[in-house]
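Visitor:
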Amino acid sequence: ERIEKIKTEIDGTDDIHEAERLQDRITRLSSGVAIIRVGASSEVEMIEK
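In C-alpha cells form, the structure reads like this:
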C-alpha cells in the first residue's frame, strides 16, 4: 500500500533527485530488511544491550 503511494508520488514529481530518493525508499521498503541502531549513555550500557 505504501509502495503504491510512493510510486504515485514519483509519477507526479518533475524533480529527478526527488524521484531517485523515492525510488530508494521503495527499494528499502520492498527488501524487507531493517536496520536497528542501539545507542546508550556509556559503553558499558551499550555492551549490556
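According to the numbering used here, the sequence shown is numbered sequentially starting from 22. Every residue, glycine too, gets a C-beta built ideally from N, C-alpha and C. Model, not experiment: these values are computed from the prediction.
Is it buried or exposed, L50, if we count other Cβ atoms within 10 angstroms and call 16 or more buried?
Guide: Label assigned to L50: exposed.
Visitor: Express the C-alpha separation of A55 and I27 in angstroms, rounding to a whole number.
Guide: Near 19 Å, if we compare the C-alpha coordinates of A55 and I27.
Visitor: Using a Cβ-Cβ cut-off of 7 Å (strictly less than) and excluding sequence neighbours within five positions of T34, which residues of its own chain qualify?
Guide: Hits under 7 Å: A40.
Visitor: Can you tell me which of the three DSSP states V65 falls into?
Guide: Helix.
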